[in-house]
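Okay, structure first, notes after.
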Amino acid sequence: MISRKTNHIISVISLLIALASLPPHAHALTVENVTFADSIQPGPAALKLHNAALLRYLKFIKAYVAALYLPEGVTPDKVLSDVPKRLELHYLVSIKGPDFGKGAEPTLELNQTPAELARLRSRIDRINSIYRDVKAGDRYALTYLPGRGTELALNGTPLTVIEGADFAAAYFGIWLGKTAIDDKLKRDLLKGR
Numbered sequence: 004m005i006s007r008k009t010n011h012i013i014s015v016i017s018l019l020i021a022l023a024s025l026p027p028h029a030h031a032l033t034v035e036n037v038t039f040a041d042s043i044q045p046g047p048a049a050l051k052l053h054n055a056a057l058l059r060y061l062k063f064i065k066a067y068v069a070a071l072y073l074p075e076g077v078t079p080d081k082v083l084s085d086v087p088k089r090l091e092l093h094y095l096v097s098i099k100g101p102d103f104g105k106g107a108e109p110t111l112e113l114n115q116t117p118a119e120l121a122r123l124r125s126r127i128d129r130i131n132s133i134y135r136d137v138k139a140g141d142r143y144a145l146t147y148l149p150g151r152g153t154e155l156a157l158n159g160t161p162l163t164v165i166e167g168a169d170f171a172a173a174y175f176g177i178w179l180g181k182t183a184i185d186d187k188l189k190r191d192l193l194k195g196r
């Protein structure tokens with residue numbers, strides 16, 4: 004018969020073996036006390052957490068923590084291509100709804116030609132009109148699924164879906180494009196963890 008002490012040792016060893024066999028990123032990631040799930044499944048395939056990072060406004064105001072989710076095997080150079088993706092933005096400050104469009108416009112203009120911007124204008128205006136005020140602790144999620152479009156959700160509640168891979172590339176380009184809203188945030192999100 005196995006003693007109680009031996010049984011306890013076997014249990015501890017079994018637990019350690021189980022923990023050691025978990026994939027390296029099997030746990031959620033926390034940045035600035037904001038936790039993001041390791042993976043999500045907004046469509047047929049799971050999206051894995053690529054990385055999360057803090058955006059500072061004017062170098063000293065902590066504005067939000069962003070998390071980028073991508074399918075397994077999608078490299079950072081393909082992030083704006085027609086692949087599923089999600090960007091979650093967990094706010095650390097309050098922002099008025101109309102300010103989202105005002106803040107995005109300069110970056111959209113830097114990354115798009117006037118003709119591209121004109122082609123996207125009605126869809127940009129539509130998403131801008133949907134944004135609501137946020138307070139610290141609120142979370143917007145932008146989720147693009149090929150063939151469906153880009154869904155904007157606030158605290159898990161879908162608000163709209165905007166069609167087009169071209170829209171998704173332009174809009175995700177605000178954070179991940181050639182000229183991003185913040186270079187450090189872009190580098191941190193794309194480098195992975």
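Taken in order, the sequence shown gives residues 4 to 196; the numbers are from the numbering used here. For glycine and all other residues, C-beta sits at the position ideal for the given N, C-alpha and C. All of these numbers come straight from a predicted model, not from anything done at the bench.
Using alpha carbons as the reference points, say which of Pro-87, Ser-84, Ile-130 lies closest to Gly-104. Sequence index remark: in the sequence shown, residue 104 carries index 101 (1-based). Here the closest residue by C-alpha is Ile-130.
Using 10 angstroms around the beta-carbon of Asn-2, count the other beta-carbons present and answer buried if the total reaches 16, otherwise exposed. The question about residue 2 has no answer, for the chain in this structure spans 4 to 196.
Starting from Leu-120, follow the alpha helix (DSSP H) in both directions and report where the run begins and ends. Counting from one through the sequence shown, the residue named residue 120 turns up at place 117. 117-133 is the extent of the alpha helix (DSSP H) around Leu-120.
On the DSSP bridge list, what partners appear for Ser-42? By one-based count along the sequence shown, residue 42 stands at place 39. Per DSSP, Lys-51.
Can we say the region 93-112 touches the region 139-148, given the rule of at least three CB pairs closer than 8 Å? yes
So what does DSSP say about Thr-78, is it helix, strand or coil? Sequence index remark: in the sequence shown, residue 78 carries index 75 (1-based). Coil at Thr-78, not helix or strand.
Coil, strand or helix - Glu-154 by DSSP: The sequence position of residue 154 within the sequence shown is 151, counting from 1. DSSP places Glu-154 in strand when its eight states are reduced to three.
Ser-24 to Gly-100 span [Cα, whole Å]: If you number the sequence shown from 1, residue 24 lands on position 21. If you number the sequence shown from 1, residue 100 lands on position 97. The predicted model places Ser-24 with a pLDDT of 40, which falls under 50 and marks its position as unreliable, so this point remains unresolved.
Would you give the residue range spanned by the alpha helix (DSSP H) that Arg-190 belongs to? The residue you call residue 190 lines up with position 187 of the sequence shown. Counting along the chain, the alpha helix (DSSP H) containing Arg-190 begins and ends at 186-194.
Considering only residues of the same chain and omitting the five flanking positions on each side of Glu-75, which have a CB-CB separation below 7 Å? For the purposes of this step, residue 75 is taken as residue 72 along the sequence shown, with counting starting at 1. Answer for Glu-75: Lys-51, listed in chain order.
Compute the Euclidean distance between the alpha carbons of Phe-175 and Asp-169, then round it to the nearest angstrom. On the sequence shown, residue 175 is found 172 positions in, with the first residue counted as 1. On the sequence shown, residue 169 is found 166 positions in, with the first residue counted as 1. Near 10 Å, if we compare the C-alpha coordinates of Asp-169 and Phe-175.
Can you name the residues that DSSP bridges to Val-68? Within the sequence shown, the letter at position 65 stands for residue 68. BP columns for Val-68 point to Leu-57, His-93.
Helix, strand or coil for Pro-101 per DSSP? In the sequence shown, residue 101 corresponds to position 98, counting from 1. Helix at Pro-101.
Helix, strand or coil, according to DSSP, for Thr-33 in the structure here? As a working mapping, residue 33 is identified with position 30 in the sequence shown. Thr-33 falls in the strand class under three-state DSSP.
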